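Numbering (my numbering), first residue to last: 1 to 97. Glycine residues also receive a C-beta, built at the ideal position from the N, C-alpha and C atoms. None of the values given here were measured: they were computed from a predicted structure. What follows is a set of notes on a single structure, which appears directly below.
Here it is as structure tokens:
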């Protein structure tokens, strides 16, 4: 008969690798947010240059800026979710075990 101790031991040991994968994935998400923020800053600078060089209708560049900002905010929300995943794994707000 399969004892409860053996069941708990097996599920606990198989659970740890998945938790490590989640921790590594959340760390990657948090790191990539810097890249997203840098890309947003680049787009802003390019749009300023675009406005200064050409006489253009302002609607298109503003739309591009808003889309870039929305994508940047999605990245921020993703980081927030990643931090909550780390908290659910570690029980600490800083993500350390």
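{"Item": "Can you name the start and end residues of the alpha helix (DSSP H) that residue 93 belongs to?", "Value": "It is not in any alpha helix (DSSP H) - residue 93 carries neither H nor E in the DSSP assignment."}
{"Item": "In this structure, how does DSSP classify residue 56 when only helix, strand and coil are distinguished?", "Value": "coil"}
{"Item": "Which residues in the same chain have their Cβ closer than 7 Å to the Cβ of residue 72, if we skip the five residues on either side of it in sequence?", "Value": "36, 37 and 40"}
{"Item": "With three or more beta-carbon pairs closer than 8 Å as the criterion, would you say the region 15 to 22 touches the region 51 to 70?", "Value": "no"}
{"Item": "Nearest to residue 46 by alpha carbon, out of 92, 62 and 88?", "Value": "62"}
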